[in-house]
Amino acid sequence: MLCLRNQGWINERLVHMPSIEVERIVLVSDNDPPAHRNKVQEVVKMMESELGCGWIYHKLCKVYLFISSQRIAGCLVAERIKEAFRVICDAETKRTEAKGPIIKEERGRLKSAGLQFGNIMFQREVVRKILRVVNKNEDVNGAIYCEEEAVPALCGIRAIWVSPSNRRKRIGTHLLDAVSSESETRCSTFAVLRTNSRFSSLSNLSFYLGINKFVVADTNGFSADTEFLPRDLPLLIPIDCKCNSAAGVFEAELTKTAIKGESLFGILDSLEGLTSCQAIWDKNPRVLPWNLGDGISLTVPIKCACPTFDKSPGTRLLITYPLAKGDSVSTLASRFNTTQEAIILTNNRTSGGFFFDPERLSSSIPPVNRRGKRRKMWSAWIYIALTGVAVGICIAVAAVFTIIHLKRRRDNNHSSGKKPGGLVDDVELQQLSLSIRTTSDKKVSFEGSVIGTTTPRNKVLLETFTLEELRKATEGFSASNHIGGSVHHGRLGGKSLAIKITRPETVAKVEFGLFKDGSHKHPNIVRLLGTCLSEASADSDSYFVFEYAKNGSLKDWIHGGLAIKSQFIASCDCFLTWAQRLRICLDVAMALQYMHHIMSPSYIHRNVKSRNIFLDEEFNAKIGNFGMPVSPEEGDPGPGPNCSQAYLAPEFVRQGKICPSLDVFAYGVVLLEVLTGRPPVIGASEGRGEKGIHLSEKIKSVLNSEDAEGEIREWIDGAIGDSYPIEGALQLANLARACTEEDPTLRPSAGEVVEVLLRLVDELPAAQGESCLMSESSSKPLVKAAASNSAINQ
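Numbering follows the UniProt record's numbering, with no gaps: position 286 of the sequence shown is 286.
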């Protein structure tokens, strides 16, 4: 929608249309054609001859002309407050010319203190910070002093002049109305952004688009602790829409923080029709459209519109709605309770054309998530309806949830504090089906966990096992069931379990809250199912029972450990594909993002390494909690047991500092292991003369070499062969380098890591995406055939 329409008299910009169509008011800009400016000059001269010396704002000149029958009937001169120029009278001009040009010296360079518009001279004046009363004896040539941020309608008007023959036609009133109508050139409104792989959480929106996550949550009716969002969910994004007078269109601006290697085309794709590549480039002319640097701030214009008196009478708000497949004028009119004519009129297009959709929304459209209390007015009646298919899915999920909820309420009546028949908050309903999308569009369910709730029903009672039960499950902790370290494979009730033998001093360091709170369940964190705690003697062992990962640890897969565990495999010819490696890295990053940014209080794992990352039967990765993560508020002085020096961040080694960046550093080392297939420290057995070199140091020299691409090809795990994109390998290498930066403030957060990996996974070809989960040609189950037939993970 155009904010100032071109019509009629030499590129005029329409500001206001009075009742008589032959009369109109136009805004004159200083970049108009010479003939147009000369006409303005004549009017200003006439005005000055009657009113004396006044003030006029030249840069982005605000001169309003009232046109009647192609003749100028009146003129209003308004200025912005931060910069002004005083009109020099004829007599003063002559004195100035006699003295020569007005110039001053500034740091050795001559700078003009005045400017000229036609034959009229202007002299720069300092704007007073506060309003002051002018002394009667002070000659200020009719100047009005205002506060720097004063309202132009009060202090910005310099003069109103009407030609003598028009002074009884209320021309001055029309001119003032025109200034008032200029408020229509700016408004607060919303744009609809559908969630996708790049914007899958409120934190991503906040960091990468500079949008306050709590404002977005409040606008869309989410609870304050909502984080992850399902894919293709339409979100209302608050924007400040204003008129771009140079282009004659409405637009809003967002500040996009670029990711290393990103392109303008990728940004355009992530915003799904809210802008154009050319518009982004026009706003950032000095930025190359591809291979953007990490952290670069880009101005991204967003299509928007404000209601105007002549185009949208009675309309309070216009929403920018990007068209989706299957949308039509008729379906949108029905969905948003408006008419086809209104949509066509609003978009200034014919019924057969394509358009972007700033819509008037009705309170009859249900919100994405309704709260019990009435929110702000605009939040209460502005909604975006999901498509019919999504509504059907929600109804099905609601039915499932209702059954589960009624069953739980029946089982927990004695402890429930809710009134019978109380409504369940819709956030809970959404979290029931909250999922993580894989490249094959398979959904990994959170199994009904509700993020951010701490109600008693979310407490998980850990099962208590007896030592006799565990002995029987592991066949007396036999060598045939020994997985590694102090962990054994066992079977109880038809389920495969991982049973860890633990010393009493270690038990005291376990943060049981990580396992007992049902809201802390996450599909990429190994679940603690039960315990067997010894009370007989201080020297007696205790036992933790965890869910079992059929495919063992990541370390075994990338460092050849499978060969020594022949009793657990059917073939030693096993390796991970490129797609599987990316998915595993993404799973681990999601678990860290959850622990660092979602859990309250947050947790720092302190023992992230390939040995503690486990793979289930579909090669989904889970972080094992054998390293005993603790809350940062408790300030445990040391890392978890068995954490090798190669995974430790420099700030911990030097200062013992524990913060989320400690996990990010260790995660970066894991990325390098996954990329290269090498251990964290390259030893003499490598035969390359690089004994004792850490991967976190080696990657720097690799990426800084003149032929970084060639070095990466030589360095990447040979088991992958050539079945990987070199661009993706370089991006993963750069991400690993960023994670292992010596300065912790330069490392990305877990959320930023997730964002990069989501892009890499989404860019995989469809065939590779499927192999991310299946890949039967490259891997086989690691458990004994007898165990694999009936063992389960969850």
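A virtual CB, placed ideally from N, CA and C, is assigned to each residue, including glycine.
Asked: Roughly how many whole angstroms lie between the Cα atoms of residue 280 and residue 299?; Found: 7 Å
Asked: By the 10 Å Cβ neighbour count, where 16 or more other Cβ atoms means buried, how is residue 601 classified, buried or exposed?; Found: exposed
Asked: For residue 670, which residues of its own chain have a beta-carbon under 6 Å away from its beta-carbon, when the five flanking residues on both sides are left out?; Found: 610
Asked: In chain order, what residues of the same chain lie with their CB nearer than 7 Å to the CB of residue 240, ignoring the 5 residues before and after it?; Found: 188, 252
Asked: Since residue 240 sits in a beta bridge, which residues does DSSP pair it with?; Found: 188
Asked: Roughly how many angstroms lie between the CA atoms of residue 264 and residue 334, to the nearest whole one?; Found: 35 Å
Asked: Identify the continuous beta strand (DSSP E) that holds residue 251 and give its terminal residues.; Found: 249-257
Asked: In the DSSP assignment, find the unbroken alpha helix (DSSP H) run with residue 752 in it and report its ends.; Found: 750-762
Asked: I want to know whether the region 743-762 touches the region 194-202 - three or more CB-CB distances under 8 Å.; Found: yes
Asked: From what residue to what residue does the beta strand (DSSP E) around residue 487 run?; Found: 487-492
Asked: Within 10 angstroms of its Cβ, does residue 476 collect 16 or more other Cβ (buried), or is it exposed?; Found: exposed
Asked: Among 707, 509, 486, 506, which residue has its Cα nearest to the Cα of residue 499?; Found: 486
Asked: Would residue 604 and residue 528 be called neighbours here (beta carbons separated by less than 9 Å)?; Found: no
Asked: So, with DSSP's three-state summary, where would you put residue 43?; Found: helix
Asked: Could one say the Cβ of residue 208 lies closer than 9 Å to chain D's Cβ atoms, at least one of them?; Found: Within the model displayed, chain D is absent; a lone protein chain is all it includes.
Asked: Using a 10 Å radius around the Cβ and a threshold of 16 neighbouring Cβ atoms, would you call residue 761 buried or exposed?; Found: buried
Asked: Under a three-way DSSP split, which group does residue 304 fall into?; Found: coil
Asked: Note down the Cα distance separating residue 555 from residue 712, rounded to an integer number of angstroms.; Found: 21 Å
Asked: Which one of 738, 559, 725 has the shortest CA to CA distance from residue 578?; Found: 725
Asked: For residue 294 versus residue 738, is the C-beta spacing smaller than 9 Å?; Found: yes
Asked: Can you have a look at residue 497 and say buried or exposed, based on whether 16 or more other CB atoms are within 10 angstroms of its CB?; Found: buried
Asked: Any idea which residues DSSP pairs residue 547 with across the strands?; Found: 497
Asked: Between residue 530 and residue 463, which are expected to be in contact by the criterion C-beta below 8 Å, what is the C-beta distance as a whole number of angstroms?; Found: 3 Å
Asked: Candidates 276, 763, 234, 268: which alpha carbon is nearest residue 582's?; Found: 763
Asked: Since residue 321 is in the alpha helix (DSSP H), which residue starts that stretch and which ends it?; Found: Looking at the DSSP string, residue 321 is not in any alpha helix (DSSP H); the run it does join, the beta strand (DSSP E), is 319-321.
Asked: Grab me the residues of residue 678's own chain with a C-beta within less than 7 Å of its C-beta, minus the 5 sequence neighbours each way, in chain order.; Found: 695
Asked: Is DSSP giving residue 801 helix, strand or coil here?; Found: Beyond the ends of the chain as shown, which are 1 and 794, falls residue 801; an answer cannot be given.
Asked: Could you pull out every residue in the same chain whose Cβ sits closer than 8 Å to the Cβ of residue 731, ignoring the five residues on either side in sequence?; Found: 260, 261, 756, 760
Asked: Do you know how far the Cα of residue 680 is from the Cα of residue 649?; Found: 13 Å
Asked: I need the boundaries of the beta strand (DSSP E) containing residue 621, first residue and last residue.; Found: 621-623
Asked: Is DSSP giving residue 559 helix, strand or coil here?; Found: coil
Asked: Grab me the residues of residue 470's own chain with a C-beta within less than 7 Å of its C-beta, minus the 5 sequence neighbours each way, in chain order.; Found: 490, 499, 532, 543
Asked: The alpha helix (DSSP H) with residue 265 in it runs from where to where?; Found: 264-271
Asked: For residue 667, tell me which candidate among 586, 267, 305, 278 has the shortest Cα-Cα distance.; Found: 586
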